[in-house]
Structures are given as C-alpha cells and as structure tokens.
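Engineer: After the structure tokens below, expect a handful of questions from me.
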Amino acid sequence: NALLDDWALKHIGKPFDRNGWLAALGMPDKKWLQAFLKHPYFKKKPPKSLDREAFARFVPKHKVPPDGAATLAAMTALSIVEGFKHLPKRPRFLAVTGGGRKNAELMRLLAKESGVKVMAVEKKFLNGDALEAEAFAYLAARVLKNLPITFKGTTGRKK
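Reading the sequence shown from the start, the letters are residues -3 to 155 in the numbering used here.
This is how it looks when you write it as structure tokens:
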C-alpha cells in the first residue's frame, strides 16, 4: 500500500487514498500489471522479504492520477494473491490490518482477485491500528527473556 500512499500524496496532497475513492475513479493498466507480476520476487520461494523500494520502478508515472491509483491498488491486491501460490492450501478468508483495511477499493479488489472473503481484522476481534505495535511489543518481551524471535522457516536465517 506504500506506493499508493506515495501516489496520493504526490497527486492529491493527501497521505493516502481515503476509502480508495481515487483508485475507484480510474482504470488499471493491464499490460503494466502483467509486467509487474513478472518481477522475480513473485517466483522466489519463501522465506523472502522486500522493502517499499523494491517495486519503485513500477510506479506508473505516465498515468493520470485516477488511473495510476487504480493500477497501484490492483498491484497491491495482485501481489497479495500471488502469495497464495506459496501456501499449503488456499485461505478461507483474508483478515486485513493496517491502513489498507480502510481502503474500500483495495478491499473490493482483494475480494475480487482472491475469490475469498475479505475483512478488516476487527471482525476477528483484533485492533488493526495497534496490531503491528502489539507484535513488536511481543518480540521485545521475548528479547528481554532471551527467547528466539525468529525461526529459520520464517526468515531463512540459520540463527
């Protein structure tokens, strides 16, 4: 969602696409999406990670604001669905946390592209605004107790 947030800031002066209204006004670039999905990251088997700059070259600078936002929202949804290929079985639902759960267009695209029920984590009695902070607090508590905070199957690191 970071690329879409950056797009909104640049094109409408807002830190995010509130409710996905800008993306909902546009049309995603299907050829752009096909090229995006050929990125080597999607073929790599887990464990794997990346940062917000990994897909920076896929920001559709040539597009008008609504079409660029629609393309970036579709990229976000498709990247999540691509991850299904690495799961032992297809999930029954997606519980979304972070700002993306407040983007109606992104949630709609996730449901459409995944074919599974999509909901905000609050439907599972979690706080989507605090979940990341809670995870870091949990990891901090483990560090204080000299307990491991990662495992080889999570990150690929031996220690």
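Quick reminder that beta carbons are idealized off the backbone N, C-alpha and C, glycines included.
Measuring alpha carbon to alpha carbon, tell me which residue in A20, I76 and M23 is nearest L87.
Structural biologist: On the sequence shown, position 91 is the one that residue 87 refers to. Contrary to the premise, residue 87 reads as Pro rather than Leu in this sequence. With distances taken between Cα atoms, P87 lies closest to I76.
Engineer: Could you tell me the alpha carbon to alpha carbon distance between A50 and P36, rounded to whole angstroms?
Structural biologist: The residue given as residue 50 occupies position 54 in the sequence shown. The residue given as residue 36 occupies position 40 in the sequence shown. One C-alpha to the other measures close to 11 Å.
Engineer: Using three-state DSSP, classify L21 as helix, strand or coil.
Structural biologist: Position 25 of the sequence shown, counting from 1, holds the residue named residue 21. Reduced to three states, the DSSP call for L21 is helix.
Engineer: Would you tell me roughly how many angstroms separate the C-alpha atoms of V139 and I145, rounded to the nearest one?
Structural biologist: Here the question's residue 139 lines up with position 143 in the sequence shown. Here the question's residue 145 lines up with position 149 in the sequence shown. One C-alpha to the other measures close to 7 Å.
Engineer: Which same chain residues end up closer than 8 Å to A73 when comparing Cβ atoms and leaving out the 5 residues on each side of it in sequence?
Structural biologist: The count along the sequence shown starts at 1 and reaches residue 73 at position 77. L102, L105, L106, K108, E109 and S110.
Engineer: So, at 8 Å on beta carbons, what are the nonlocal neighbours of I8 in its own chain, with the 5 sequence-adjacent residues on each side left out?
Structural biologist: What you label residue 8 is simply residue 12 of the sequence shown in a count that begins at 1. L18 and P61.
Engineer: In or out: G149 buried (at least 16 other Cβ within 10 Å) or exposed?
Structural biologist: For the purposes of this step, residue 149 is identified with residue 153 of the sequence shown, where counting begins at 1. By the 10 Å Cβ count, G149 comes out exposed.
Engineer: Report the three-state DSSP secondary structure of K81 (helix, strand or coil).
Structural biologist: Position 85 of the sequence shown holds residue 81. It is helical.
Engineer: For a minimum of 4 consecutive residues, which ranges assigned as the alpha helix (DSSP H) are wholly contained in the segment 51 to 122?
Structural biologist: Qualifying alpha helix (DSSP H) stretches, in chain order: 61 to 78 and 100 to 110.
Engineer: Just to check my reading of the structure: D25 and K57 have Cβ atoms closer than 8 Å, yes? What is that Cβ distance to the nearest angstrom?
Structural biologist: Numbered from 1 along the sequence shown, position 29 holds the residue referred to as residue 25. Numbered from 1 along the sequence shown, position 61 holds the residue referred to as residue 57. No, D25 and K57 are not in contact; Cβ-Cβ is about 12 Å, not under 8 Å.
Engineer: Does R14 come out as helix, strand or coil in the three-state DSSP assignment?
Structural biologist: For the purposes of this step, residue 14 is taken as the residue at position 18 of the sequence shown. If DSSP states are grouped into helix, strand and coil, R14 belongs with the helices.
Engineer: For M23, which of L46, A70, A100 and F54 has the nearest alpha-carbon?
Structural biologist: In the sequence shown, residue 23 corresponds to position 27, counting from 1. That would be A70, whose Cα lies nearest to the Cα of M23.
Engineer: By alpha-carbon positions, which one of M115, L5, T93 and K10 ends up nearest to D125?
Structural biologist: By one-based count along the sequence shown, residue 125 stands at place 129. That would be T93, whose Cα lies nearest to the Cα of D125.
Engineer: Helix, strand or coil for P128 per DSSP?
Structural biologist: Translated into positions along the sequence shown, residue 128 becomes position 132. Here the sequence assigns Glu to residue 128, which means Pro is not the residue at that position. In the structure shown, E128 sits in a helix (DSSP, three-state: H, G or I).
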